[in-house]
Amino acid sequence: MKPSTLSFFDKVFEVTCLVPYGRVTSYGAIAKYLGATKSARMVGYALNGSGGKNVPAHRVVNRKGLLTGKYHFDGTNLMQQLLESEGVKVKDNQVQDFESVYWDPSVELQWIKRIYQDQ
DNA sequence: GCGCTGACTACGG
DNA sequence: GCCGTAGCCAGCG
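The numbering of the first sequence is my numbering, which starts it at 32 and goes up by one.
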């Protein structure tokens, strides 16, 4: 599999789908994993087109654990509801215990790089 | 085809 | 620790 054959958007979707149940990650972490630390905005923009797809976009928050994208979901608190249903405590648009549920793809998925030998 | 926008982040003041 | 600025780059009008 050649990651370069996938667009940045598709990669974002792939990584997002790999976020474990009950865990969250940040836009920047995904961008970093994709080798574009400064392109965190693209991650958010990509997720903007995740509607209709089976992408758990609610598991992606900003670096502070803030649910900045909740207004892109149906209603006003759907994103929070989804997270809470997974055991993630959310209060006032912010993930509680953020550090303990934080999942960093650049750390958790480094073994995949080893398998692909893509450096 | 140009310019603006954006679910972000890092950095300097 | 808050505020302004810059960098990123794919869509859209």
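We treat Cβ as the ideally placed atom computed from N, Cα and C, and that holds for glycine.
List the whole-angstrom C-beta distance separating residue i from residue j, where the pair is believed to meet the contact cut-off of C-beta under 8 angstroms.
| i | j | result |
| --- | --- | --- |
| Ala77 | Val43 | 4 angstroms |
| Leu98 | Gln111 | 6 angstroms |
Along the chain, where does the alpha helix (DSSP H) that runs through residue i open and close?
| i | result |
| --- | --- |
| Thr47 | 39 to 48 |
| Leu113 | 109 to 116 |
| Asn79 | 71 to 79 |
| Tyr64 | 58 to 64 |
| Pro136 | 136 to 139 |
| Val132 | 129 to 132 |
On the CB-based measure, 16 or more other CB atoms within 10 Å of its CB, does residue i come out buried or exposed?
| i | result |
| --- | --- |
| Lys69 | exposed |
| Gly80 | exposed |
| Gly118 | exposed |
| Thr107 | exposed |
Under 8 angstroms, do residue i and residue j count as touching if we go by C-beta distance?
| i | j | result |
| --- | --- | --- |
| Asp135 | Ala71 | no |
| Ser57 | Val91 | yes |
| Lys84 | Ser137 | no |
| Gly159 | Val132 | Only positions 32 to 150 of the chain appear in the structure, and residue 159 is not among them; the question remains open. |
| Leu113 | His89 | yes |
| Met73 | Phe129 | no |
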